[in-house]
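**Q** Just so you know, the sequence shown maps onto residues 0 to 446 in numbering that gives the first Met the number 0.
Before we start, here is the structure in question, set down as C-alpha cells.
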Amino acid sequence: MEFNEALRRTIGGHWRLLVLFVVLPMIVVTAVGLSGSSAYASKARVQASATLPTTDVQANAMLSRVRAVVTSGAVVNAALHKADITDRSAADVAHRTKVSRLGGSAVFTVKVTDRDPRTAEKLAGALSEQLVAFFNGSGNLLVTELMDRQSKLQDERVRVAGQLPDADSAAESGRLTAKLGALDQQLLDVQAAMRAAQADGLGDRTASLLSSAGDAVAVPLLTGVDLALAGAIGLLTGLLAVTLLEVFRPHVAGRYAFGRELAAPVLGRLPKALRDSADPPAVDAETIVALHRAVDKAGTGTVVLTGPSPDDRLTALAEALQDGMAALGSPARVPSVEVHNGRPADGNGAGGQIRTLTRERVRQAVGAPATLASPGPPSTVRVRALHQLDSVSDQARHALVAVEPELVPYAELRRVQNLVATTGWPAIGVLGDGARQSRTVGRWERG
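Below is the structure:
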C-alpha cells in the first residue's frame, strides 16, 4: 500500500471524526475558560545580584535558584505572614507564582496571580522583599556560615598572635607559630569560598528591589495558545483513534486500489448526480465504450452489476448501461471502437465491415440511441443487477462488474472476491460510484 493510499484511508476516510476530535477539546477549553472566575496578576522586578552572569549556564543556574527560593515554603510563609494574609495556602501561592529572567541579566520578574487584585499586589510585594532579603544574606545560610566562620578564625588568630611574644620556650613559640599558619590557611579557604559564592551571584549581598509590586491587571483565562494546544492534542488523539479504526476495520483506498486488489480494470466513475435514485443515471460515453470493449474481450452475454448501492440504484444503472450498449451495436459485429482525443480510429468489424465512431457520435448514441443506427442486429448483451438474475432467462455467459463507492470497507472487497470464486464469473471491471454508501456490505450473504 502506498503512502497516499494510507493518507486517504486515515484522513480522507475519517475526516469528520478528526474534525470532531479537534473541535471538541477547543469547545471544552473555551467553556471552562469562560465559566471560570476572573484572575488578576501583579508583578515586581528584582535584581538578584550586581554581578552579571557571564554565560548562559550561569544565567540559567541563577534563574533556577531564584525560582526555587521564591516558591519555597519558608519564603512563601514569611511573605504571607508579612502581608497578613491568612486565607491562602503556601502551596497555592507557590503554584500561582511565576519567575522570568530579563534577557541574560540578573534581573528577574516575580509575577503573582490571584482572584483578588489587592491580594495579588500584597503577595507580589512581600515575595519580592523576602527574595531580596534572602539574597542579601538574612536567609542565605551558606554566606552566613562562611562569614561567621571567618569572624571566629580572625578572633582566634588575634588571640594566638597575642600569646606568641609571651612564649616561655622555643618549643612553645614554634607551636604557636604553626597554629598561626594553620589559622591563616583556614582564613584563605573561607575567603576563597566566599569569592566563589559571590562569583556565582549567591552571596554578594547586592540584591535590590528595582520596582515594587504594581497594580494588578486582569489576566485572560483563555488565550489563543490554550486553544491551539487543545486543538493539537485533539488532532493527535484523533489520528491515533482513526489509525486504530483502520487497523481493526480497514478500508480500500478508492476504486483504483479496489481494481488492483480484484485484478480488474477501472472502467470509469459514475457522476454524483446518481445519489438520488429517482434521477435517471447519466453515464458518460467513455464508460460505455470501456464497458463495451471489456464485454467484447471477455465474450460474455450477461453483465452482472454488484456493489453496496441500493437495489433500485443498481437497477437504474443496469438499464442505462443496457441502453448505451445497445446504441453501440453488437460487440460481435463491432469488435473495435476507439476514440483518441476526439479523433476517430478505424476498426474492422465482423465480415470485413469498417465502423468508425468519434467521441461526439458516442455521446449522441448514449443520449439518443436513434441518432446512431447500428449496421447489424442490436446488441444481445444484457446488463443486470445481481438481485435481478434468475436461472431461467439468464443462460448466457456471465461477467461481473463491481460498482463501488470511494473508501469501502475491506469486507466489501472480500465479498466480491468470494462471489467471483463461488460463481466462476470473471471480474471484467470496476465502476467508481460517486454516491455515498447507503447500505451494508452484507446483503449478498443475507440473500
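Virtual Cβ for every residue (Gly too), placed ideally from N, Cα, C.
Everything numeric in this text was worked out from a predicted model, so none of it was measured.
(1) Going along the chain, which residues of its own chain have a beta-carbon closer than 8 angstroms to the beta-carbon of residue 190, five neighbours each way excluded?
(2) Can you tell me where the beta strand (DSSP E) with residue 63 in it begins and where it stops?
(3) How is the beta strand (DSSP E) around residue 432 delimited, first residue to last?
(4) Could you have a look at residue 76 and say whether DSSP puts it in helix, strand or coil?
(5) Residue 113 lies in the beta strand (DSSP E); which residues open and close that run?
(6) Which residues in the same chain have their Cβ closer than 7 angstroms to the Cβ of residue 285, if we skip the five residues on either side of it in sequence?
(7) Using beta-carbon positions only, say whether residue 160 and residue 48 come within less than 8 angstroms of one another.
(8) How many angstroms separate the CA atom of residue 101 from the CA atom of residue 133?
(9) Over what stretch of residues does the alpha helix (DSSP H) that includes residue 267 continue unbroken?
(10) Tell me whether residue 301 sits in a helix, a strand or coil according to DSSP, three-state version.
(11) Hey, quick one: how far does the alpha helix (DSSP H) through residue 94 stretch, first residue to last?
(12) Measure the alpha-carbon distance for residue 418 versus residue 301 and round it to whole angstroms.
(13) Which of helix, strand or coil does DSSP assign to residue 320?
(14) Since residue 304 contacts residue 384 with CB under 8 angstroms, what's their CB separation in whole angstroms?
(15) Could you tell me whether the region 405 to 421 touches the region 245 to 263, using the rule of 3 or more Cβ pairs below 8 angstroms?
(16) Below 6 angstroms CB to CB, which residues in the same chain sit around residue 126 once its five sequence neighbours on both sides are set aside?
(17) Between which residues of its own chain and residue 93 is the CB-CB distance below 6 angstroms, once the five residues before and five after are set aside?
(18) Just the C-alpha distance for residue 128 and residue 164, rounded to the nearest angstrom, thanks.
(19) Would you mind working out which of 414, 173 and 33 sits nearest residue 222, comparing C-alpha positions?
(20) Going by alpha carbons, who is nearest to residue 29 out of 212, 233, 225 and 395?
(21) Any idea if residue 424 is buried or exposed, counting beta-carbon neighbours within 10 angstroms, 16 or more meaning buried?
(22) Locate the beta strand (DSSP E) running through residue 383, then write down its first and last residues.
(23) Are residue 234 and residue 17 closer than 8 angstroms when you measure CB to CB?
(24) Give me, in chain order, the residues of the same chain whose beta-carbon lies closer than 7 angstroms to that of residue 215; leave out the 5 immediate sequence neighbours on both sides.
(25) Label residue 86 either buried or exposed according to how many other C-beta atoms from any shown protein chain fall within 10 Å of its C-beta, with 16 as the threshold for buried.
(26) If I follow the unbroken beta strand (DSSP E) through residue 218, where does it start and stop?
(27) Taking all protein chains shown into account, decide if residue 24 is buried (16 or more other Cβ within 10 angstroms of its Cβ) or exposed.
(28) Could you tell me the boundaries of the beta strand (DSSP E) in which residue 245 lies?
(29) In three-state DSSP terms, what is residue 186?
(30) Just to confirm my understanding: we take residue 13, look at its own chain, exclude 5 residues before and 5 after, and list those with CB closer than 7 angstroms. What are they?
(31) Residue 34 lies in the alpha helix (DSSP H); which residues open and close that run?
(32) Spatial neighbours of residue 412 within its chain, please: CB distance less than 8 angstroms, with the 5 preceding and 5 following residues excluded, ordered by chain position.
(33) Using the rule of at least 16 other Cβ atoms within 10 Å of the residue's Cβ for burial, across every protein chain shown, is residue 2 buried or exposed?
(34) If we count the other Cβ atoms within 10 Å of its Cβ and call it buried at 16 or more, is residue 194 buried or exposed?
(35) Put residue 167 into one of helix, strand or coil per three-state DSSP.
(36) Using the Cα positions of residue 283 and residue 429, report the straight-line distance between them to the nearest angstrom.
**A** So, from the data block:
(1) If we look at residue 190 and ignore the five residues flanking it on each side, its Cβ neighbours are 149.
(2) It is not in any beta strand (DSSP E) - residue 63 instead sits in the alpha helix (DSSP H) that spans 55 to 69.
(3) Counting along the chain, the unbroken beta strand (DSSP E) around residue 432 starts and ends at 426 to 432.
(4) In this structure, residue 76 counts as helix in the three-state DSSP scheme.
(5) Counted as a single uninterrupted DSSP element, the beta strand (DSSP E) harbouring residue 113 occupies residues 106 to 113.
(6) Result list for residue 285: 267, in chain order.
(7) Going by beta carbons, residue 160 and residue 48 fall outside the 8 angstroms limit.
(8) Going from the Cα of residue 101 to the Cα of residue 133 covers about 20 angstroms.
(9) No alpha helix (DSSP H) holds residue 267; the beta strand (DSSP E) holding it covers 265 to 268.
(10) Here residue 301 sits in strand by DSSP.
(11) DSSP places residue 94 in the uninterrupted alpha helix (DSSP H) bounded by 89 to 94.
(12) Near 16 angstroms, if we compare the C-alpha coordinates of residue 301 and residue 418.
(13) In the displayed model, residue 320 falls within a helix according to three-state DSSP.
(14) Sure, about 5 angstroms apart at Cβ, within 8 angstroms.
(15) As far as the Cβ criterion goes, the region 405 to 421 touches the region 245 to 263, which means the pair count is three or higher.
(16) Beyond the five residues adjoining it in sequence on each side, residue 126 comes within less than 6 angstroms, by CB distance, of 69, 78 and 109 in the same chain, given in chain order.
(17) Cβ neighbours of residue 93 beyond the five flanking positions: 70 and 75.
(18) Residue 128 and residue 164 have their C-alpha atoms spaced approximately 50 angstroms apart.
(19) Each of 414, 173 and 33 was checked against the Cα of residue 222, and the nearest Cα belongs to 33.
(20) Ranking the options by Cα distance to residue 29, first place goes to 225.
(21) Looking at its Cβ environment, which holds 16 or more other Cβ atoms inside 10 Å, residue 424 is buried.
(22) Judged by DSSP secondary structure, residue 383 falls within the beta strand (DSSP E) whose first and last residues are 381 to 384.
(23) Taking 8 angstroms as the Cβ cut-off, residue 234 and residue 17 qualify as a contacting pair.
(24) Excluding sequence neighbours, residue 215 sits near 39, 40, 41, 116, 119 and 120.
(25) So residue 86 ends up on the exposed side.
(26) Counting along the chain, the unbroken beta strand (DSSP E) around residue 218 starts and ends at 216 to 218.
(27) Residue 24 is classed as buried because its beta carbon has at least 16 other beta carbons within 10 Å across all chains shown.
(28) For residue 245, there is no enclosing beta strand (DSSP E); the enclosing alpha helix (DSSP H) covers residues 223 to 247.
(29) Helix.
(30) Closer than 7 angstroms at Cβ, skipping near neighbours: 241 and 244.
(31) In the DSSP assignment, residue 34 falls within the unbroken alpha helix (DSSP H) covering 14 to 34.
(32) When the five nearest sequence neighbours on each side are left out, the beta carbons in the same chain lying within less than 8 angstroms of the beta carbon of residue 412 are those of 251, 257, 260 and 261, in order along the chain.
(33) Counting Cβ neighbours within 10 Å, residue 2 comes out exposed, since fewer than 16 surround it.
(34) Exposed: under 16 other Cβ atoms inside 10 Å.
(35) Under the three-state reduction of DSSP, residue 167 is assigned to coil, being neither helix nor strand.
(36) The alpha-carbon atoms of residue 283 and residue 429 are separated by roughly 15 angstroms.
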